[in-house]
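Top line first, the protein sequences correspond to chains A and B.
The first sequence begins at 167 in our numbering and counts up by one.
The second sequence begins at 97 in our numbering and counts up by one.
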Amino acid sequence: MGKHVLLVEDEINIIEAMQFLLSREGWDVDTHSDGATAVDKVRAMKPDLVVLDYMLPGKNGIDILSELRADPEFARLPILMLTARGQGRDREQAEKAGVSRFMTKPFSNTEVMTAVRDLVQLAQ
Amino acid sequence: MISVNQLLGVSLAYVAFLFAIAFFAERASIRGKGSWLRSPMVYTLSLSIYCTAWTFYGAVGYAARSGMEFVTIYLGPSLVMIGWWWVLRKLVRIGRAQRATSVADLISARYGKSNLLAIVVTVMAVIGVTPYIALQLQSVTLSLSIFSEPGQPDSLSQAAAAFWVAVGLVLFTVLFGTRNLNANERHDGVVIAIAVEAVVKLVALLAVGVFVVWGVAGGIGPMMERIDNSTIGEWSMDRSRWAALTVLSAAAFLALPRMFQVMVVENEDERHLQIASWAFPLYLMLMSLFVVPIAVIGLDILPAGSNPDLFVLTVPLAEGQGGLATLSFLGGFSSATSMVIVATLALSTMVSNHVVMPVWLSTQGTGAQVSGDVRNVVILARRASILMIIFFGYVYYRLSGGGAALAAIGLISFVGVAQFLPAMLGGIFWRGATRWGALAGLIVGFAVWVFCSLLPSFGPDAVLSAAVFEQGIGGVSWLRPQALFGIEGIDPTVHAMVWSLSLNLAVFVAVSLATFPTPLERLQGAQFVNIFDHSTQARGWDAALATSEDLMIMAQRILGPADALSLFRAEAKRQGLTGHLPEPTQGFLQTLERELSGSVGSATAHAMISQLVGGTSVSVEDLMAVADESAQILEYSNRLEAKSAELSRTARQLREANQKLTALSVQKDAFLGQISHELRTPMTSIRSFSEILRDTDTLDQAEKTKYASIIHGETIRLTRLLDDLLDLSVLENGQVSLNLENGNLNDVIAQAVLSAGGAHTTRLRIHHMQSDQDVPLSTDLDRLRQVFINLITNAQKYCVAATPELTVEILQQGGGLQVVFHDNGVPIPSEARALIFEKFSRINDKDGSGAGLGLAICREIMTRLGGDITYEPRADGNAFIVHLPGRVALAAQ
Numbered sequence: 167m168g169k170h171v172l173l174v175e176d177e178i179n180i181i182e183a184m185q186f187l188l189s190r191e192g193w194d195v196d197t198h199s200d201g202a203t204a205v206d207k208v209r210a211m212k213p214d215l216v217v218l219d220y221m222l223p224g225k226n227g228i229d230i231l232s233e234l235r236a237d238p239e240f241a242r243l244p245i246l247m248l249t250a251r252g253q254g255r256d257r258e259q260a261e262k263a264g265v266s267r268f269m270t271k272p273f274s275n276t277e278v279m280t281a282v283r284d285l286v287q288l289a290q
Numbered sequence: 097m098i099s100v101n102q103l104l105g106v107s108l109a110y111v112a113f114l115f116a117i118a119f120f121a122e123r124a125s126i127r128g129k130g131s132w133l134r135s136p137m138v139y140t141l142s143l144s145i146y147c148t149a150w151t152f153y154g155a156v157g158y159a160a161r162s163g164m165e166f167v168t169i170y171l172g173p174s175l176v177m178i179g180w181w182w183v184l185r186k187l188v189r190i191g192r193a194q195r196a197t198s199v200a201d202l203i204s205a206r207y208g209k210s211n212l213l214a215i216v217v218t219v220m221a222v223i224g225v226t227p228y229i230a231l232q233l234q235s236v237t238l239s240l241s242i243f244s245e246p247g248q249p250d251s252l253s254q255a256a257a258a259f260w261v262a263v264g265l266v267l268f269t270v271l272f273g274t275r276n277l278n279a280n281e282r283h284d285g286v287v288i289a290i291a292v293e294a295v296v297k298l299v300a301l302l303a304v305g306v307f308v309v310w311g312v313a314g315g316i317g318p319m320m321e322r323i324d325n326s327t328i329g330e331w332s333m334d335r336s337r338w339a340a341l342t343v344l345s346a347a348a349f350l351a352l353p354r355m356f357q358v359m360v361v362e363n364e365d366e367r368h369l370q371i372a373s374w375a376f377p378l379y380l381m382l383m384s385l386f387v388v389p390i391a392v393i394g395l396d397i398l399p400a401g402s403n404p405d406l407f408v409l410t411v412p413l414a415e416g417q418g419g420l421a422t423l424s425f426l427g428g429f430s431s432a433t434s435m436v437i438v439a440t441l442a443l444s445t446m447v448s449n450h451v452v453m454p455v456w457l458s459t460q461g462t463g464a465q466v467s468g469d470v471r472n473v474v475i476l477a478r479r480a481s482i483l484m485i486i487f488f489g490y491v492y493y494r495l496s497g498g499g500a501a502l503a504a505i506g507l508i509s510f511v512g513v514a515q516f517l518p519a520m521l522g523g524i525f526w527r528g529a530t531r532w533g534a535l536a537g538l539i540v541g542f543a544v545w546v547f548c549s550l551l552p553s554f555g556p557d558a559v560l561s562a563a564v565f566e567q568g569i570g571g572v573s574w575l576r577p578q579a580l581f582g583i584e585g586i587d588p589t590v591h592a593m594v595w596s597l598s599l600n601l602a603v604f605v606a607v608s609l610a611t612f613p614t615p616l617e618r619l620q621g622a623q624f625v626n627i628f629d630h631s632t633q634a635r636g637w638d639a640a641l642a643t644s645e646d647l648m649i650m651a652q653r654i655l656g657p658a659d660a661l662s663l664f665r666a667e668a669k670r671q672g673l674t675g676h677l678p679e680p681t682q683g684f685l686q687t688l689e690r691e692l693s694g695s696v697g698s699a700t701a702h703a704m705i706s707q708l709v710g711g712t713s714v715s716v717e718d719l720m721a722v723a724d725e726s727a728q729i730l731e732y733s734n735r736l737e738a739k740s741a742e743l744s745r746t747a748r749q750l751r752e753a754n755q756k757l758t759a760l761s762v763q764k765d766a767f768l769g770q771i772s773h774e775l776r777t778p779m780t781s782i783r784s785f786s787e788i789l790r791d792t793d794t795l796d797q798a799e800k801t802k803y804a805s806i807i808h809g810e811t812i813r814l815t816r817l818l819d820d821l822l823d824l825s826v827l828e829n830g831q832v833s834l835n836l837e838n839g840n841l842n843d844v845i846a847q848a849v850l851s852a853g854g855a856h857t858t859r860l861r862i863h864h865m866q867s868d869q870d871v872p873l874s875t876d877l878d879r880l881r882q883v884f885i886n887l888i889t890n891a892q893k894y895c896v897a898a899t900p901e902l903t904v905e906i907l908q909q910g911g912g913l914q915v916v917f918h919d920n921g922v923p924i925p926s927e928a929r930a931l932i933f934e935k936f937s938r939i940n941d942k943d944g945s946g947a948g949l950g951l952a953i954c955r956e957i958m959t960r961l962g963g964d965i966t967y968e969p970r971a972d973g974n975a976f977i978v979h980l981p982g983r984v985a986l987a988a989q
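Structure, rendered in structure tokens:
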């Protein structure tokens, strides 16, 4: 498949888990832990999918999302947002900012991988 | 029968007697032995100048003509006296406080010391009182004519008699009233003389009455019968006339210049009013006691057509009682003379103070530039005024032909002076009254009086033609003097009174409301209306601007060199200065103004001093008084302001509370978000890896072990997080109970190092600098140890030096102790330092094992232990310093 995914996440154990799950399905996984430089990373890499954590050092997921959506190039980029904050307001904010899919941690592996597949299909 | 010449002799002897009394009284007063002159009884008797010849002779005539109606003339003043504490007390208090010398002075003072108003009142008073003086002349002349024997008519023609009586009264008044000038305008001699005259007239009238009842009628019983049988008992009473006349006499009692003179100006002590309040009505009652009997007997025994106004004389004469008749004559003479003297005195003060002196001063330049001795001018002005006023009376007497009944003339005067009442009472009870209101009211009321009462009194075709009476001015029917606005059929006196007073009052109120008072008016208004609230005179002078010499020059001109010098000397002495020039203090200026106002009136005195003080008629004190007047408004506005301040304070508090709540809510959200994050993150790993382990068959052993370890580590992290949260929650809520123990600080540190895994188990090398001696302490050792462990494990986790080291050292600092944890790691960035003790703040948390609660817990524990924990960056690393308070250390020593 050779599809690129950028995993923006600062928790090493979650990176480990997601990396395992994505690469098992044939994804080419890149990881990035710093919020402040995440947008640059996306611009440079132009991934097919972004898995974005909400709470990141430097810049939070919502701001990164808004910045990406403001760029026409990434207006339709599939972005899956994951958050551990678990508050209803965050989902609203994310949807307003143009998130493709919003999931609350902890998630089941099946769930998150289904979501990834859906997003890719939708994008095609 | 007594001849006229005998009578004149008796009269002269009587006058000489009065003069002697007055003379000795004055002398006693000057020597300071005159306190008896100012007793309440003398005050009460002096009030009896209300009872003039009109009362003495006229009351009987009045009764003979109109029955009991004469009582109204006594009723009005009695009501005023009985209700003294309402109007009279205020009037006297104000008059004394303001040093008012006359009605004109009082009204002018009230309305901003307006001289225009003083002049108008003076002119009106002179015109209003002139018929009254004429009345006295007429009564004396009439009474004299009774004694002229029928056989030798015109031995003394009536006109000539009136003339000589007038001349006599002028001399009398000049001698009595203008012998000296003093500041308070009091006349001890005059007062005592009129008190004696009061006794004489009462005794005379009572004597005639007793003679009539017991000598003529033969006792009380028969007297009553004769009264019942006479026409006097039959006359029904006209209610409107009764009410009007009672009001009128009350008004005149208050507004008559001579009444003001004895009641206010000559008043020595306000408390005298209290006694006069019952004694004077009693006097009036005695005066009226025998009026009806005398009238009834007079009508009975004298031939029809006899003048009832002279029954008091003619009844004794008809009964052959020459002595009694002479006494009666003296009584009438007393009534007439006392009235004329006091009325003329009061009027001459007004004329000289408000008309002559201002005019004279304005021709001479003002203030200190006045040349010559003003005193002579004042005395001359007074004497000229006396002459003029009595002359006016004489002219009026001649013009009116002496025809009208005494009572009718008296009532004309009453209505005239009653015009002062709205301005007077309005001035002392209503702060809204203004100068222009008073002036307009006075002028309108007076004009109506002149047209409806004064001019008609000369009779048709004398001044007003009969056509005017019939058809009105220029044939305008509603301008008839006795039927204004076409309302006919009212008694002329009531008509004049109702119209003049009601128009006066209406115009006074309307113009007052439409005009705005000047500052001085406002302040005087406040002084008058609130007289009982002001203990002292609030108005004063800005003394600094006047020089004593200027004042001295002016005072000498007006008071006379000797009086002025003694006044200035006394003040200088009082101030502790030598010589005759005192400091021109405010108090002294007030005293001086008062002294001057006795000679030239308050308006002029005020004007003169204000010239010297720099032309400012409103001083700081004035302004204070004005402020005092508007205190209510200020207070109200202050209250409003306070209220609004309170409201905005409440609003601010609410806003702050709201902000706090919002901030708290944000904090709570952030906190919940943090906790959720901290809990869900390890759970995410646990769930994900446990699913991987469960669902993936292809995992090798190494992978399985790795993922299981991750799960294990995350559960430990979760447990620790929960422990920390609970711990922090307990600490923050203050629910923690401290377990105090005695111990040694070195031991506690050693235990902490051991608990953290020992000094050598991790890469971090820990140097515990043991102090030489034991450091005993008494505190919760477990909690303190927890703090130390936290700090050590933080160093283990975050110290990133090549060879990480931690030095633990105890320092004595003041009374307390410091335990310094000094590592050689990278110093915490300055922007993060402020937050390190806050919950969930993590710096360089590479492995994510910390929840950021450790230092927050440390701070909470140290606060509970009474100490503190601080951070200091060091050149080679970081230092966390645990502060232990002195009592922790000392307690164990």
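Just so you know, even glycine gets a beta-carbon here, dropped at the ideal spot from N, CA and C.
{"Asked": "Flag F767 (chain B) as yes if its beta-carbon sits less than 9 Å from any beta-carbon of chain C, otherwise no.", "Found": "Judged by its chain identifiers, the structure shown contains no chain C, and its protein chains are A and B."}
{"Asked": "Report the residues of the region 772-790 of chain B with a CB closer than 9 Å to any CB of chain A, ordered along the chain.", "Found": "S772, H773, E774, L775, R776, T777, P778, M779, T780, S781, I782, R783, S784, F785, E787 and I788"}
{"Asked": "Assuming L517 (chain B) contacts A347 (chain B) (C-beta within less than 8 Å), just tell me the rounded distance between them.", "Found": "5 Å"}
{"Asked": "Could you give the distance in angstroms between the alpha-carbon of M137 (chain B) and the alpha-carbon of N449 (chain B)?", "Found": "30 Å"}
{"Asked": "Just checking: is the beta-carbon of G809 (chain B) within a distance shorter than 9 Å of some beta-carbon in chain A?", "Found": "yes"}
{"Asked": "Would you list the one or two residues that DSSP bridges to D219 (chain A)?", "Found": "A:L248"}
{"Asked": "Which residues in the same chain as Q287 (chain A) place their Cβ atom closer than 8 Å to its Cβ, once the five residues preceding and following it in sequence are excluded?", "Found": "none"}
{"Asked": "Taking the CB atoms as reference points, tell me whether A204 (chain A) and K225 (chain A) lie closer together than 9 Å.", "Found": "yes"}
{"Asked": "Is P399 (chain B) buried or exposed, if buried means 16 or more other CB atoms sit within 10 Å of its CB?", "Found": "exposed"}
{"Asked": "Compute the Euclidean distance between the alpha carbons of E165 (chain B) and V156 (chain B), then round it to the nearest angstrom.", "Found": "11 Å"}
{"Asked": "Taking I932 (chain B) as the query, report the chain A residues whose CB atoms sit under 8 Å from its CB, ordered along the chain.", "Found": "Those within 8 Å of I932 (chain B) in chain A number zero; the least Cβ separation is about 16 Å."}
{"Asked": "Is V806 (chain B) close to chain A? Criterion is C-beta to C-beta, closer than 9 Å.", "Found": "First, the residue type needs correcting, since residue 806 (chain B) is Ile and not Val in the sequence shown. Yes, I806 (chain B) lies at the interface with chain A (some Cβ there is under 9 Å from its Cβ)."}
{"Asked": "Given that a residue counts as buried once 16 or more other Cβ atoms are within 10 Å of its Cβ, and exposed if not, what is D876 (chain B)?", "Found": "buried"}
{"Asked": "Would V491 (chain B) and S549 (chain B) qualify as a contact pair, given that the criterion is a beta-carbon distance under 9 Å?", "Found": "no"}
{"Asked": "Report the CB separation of P353 (chain B) from A439 (chain B) in whole angstroms; it is logged as a contact under 8 Å.", "Found": "6 Å"}
{"Asked": "Can you tell me which residues form a DSSP beta bridge with G912 (chain B)?", "Found": "B:Q909"}
{"Asked": "Can you list, in chain order, the residues of its chain with a C-beta nearer than 6 Å to that of A230 (chain B)? Leave out the 5 residues immediately preceding and following it.", "Found": "G489, Y492 and Y493"}
{"Asked": "At 7 Å on the CB atoms, spell out the chain B contacts of A250 (chain A), in chain order.", "Found": "S772, H773, R776, T777 and T780"}
{"Asked": "Measuring straight from C-alpha to C-alpha, what distance separates L949 (chain B) and E277 (chain A)?", "Found": "33 Å"}
{"Asked": "Give every residue of the same chain whose Cβ lies closer than 7 Å to the Cβ of I178 (chain A), excluding the five residues on either side of it in the sequence, and list them in chain order.", "Found": "none"}
{"Asked": "For chain B, find out if any of its Cβ atoms is closer than 9 Å to the Cβ of F273 (chain A); answer yes or no.", "Found": "yes"}
{"Asked": "What do you reckon, are the CB atoms on Q892 (chain B) and L850 (chain B) nearer than 9 Å?", "Found": "no"}
{"Asked": "Tell me the rounded alpha-carbon separation between G839 (chain B) and I812 (chain B).", "Found": "32 Å"}
{"Asked": "Please compile the residues from chain B whose C-beta is within a distance smaller than 7 Å of the C-beta of M221 (chain A).", "Found": "H773"}
{"Asked": "Quick one: Cα of A514 (chain B) to Cα of L663 (chain B), how far?", "Found": "39 Å"}
{"Asked": "To which residues does DSSP link A169 (chain A) through a beta bridge?", "Found": "The displayed chain sequence assigns Lys, not Ala, to residue 169 (chain A). DSSP, once it has assigned bridges, lists A:W193 as partnering K169 (chain A)."}
{"Asked": "Can you tell me the Cβ-Cβ gap for H283 (chain B) and Y139 (chain B), rounded? I've got them flagged as a contact below 8 Å.", "Found": "Not quite, the Cβ-Cβ distance comes to about 13 Å (not below 8 Å), so this is no contact."}
{"Asked": "Using a Cβ-Cβ cut-off of 6 Å (strictly less than) and excluding sequence neighbours within five positions of R955 (chain B), which residues of its own chain qualify?", "Found": "F933 and I965"}
{"Asked": "Does A204 (chain A) get closer than 9 Å to chain B when you measure Cβ to Cβ?", "Found": "no"}
{"Asked": "Taking buried to mean at least 16 other C-beta atoms within 10 Å of its own C-beta, is N211 (chain B) buried or exposed?", "Found": "buried"}
{"Asked": "Please classify E364 (chain B): does DSSP put it in a helix, a strand, or coil?", "Found": "coil"}
{"Asked": "Closest Cβ-Cβ distance between T197 (chain A) and chain B: below 9 Å?", "Found": "no"}
{"Asked": "Drop a sphere of 10 angstroms on the beta-carbon of T327 (chain B), count the other beta-carbons inside from all chains shown, and report buried for 16 or more, exposed for fewer.", "Found": "exposed"}
{"Asked": "Please state whether DSSP places T681 (chain B) in a helix, a strand or coil.", "Found": "coil"}
{"Asked": "Is the Cβ of L187 (chain A) closer than 9 Å to any Cβ of chain B?", "Found": "yes"}
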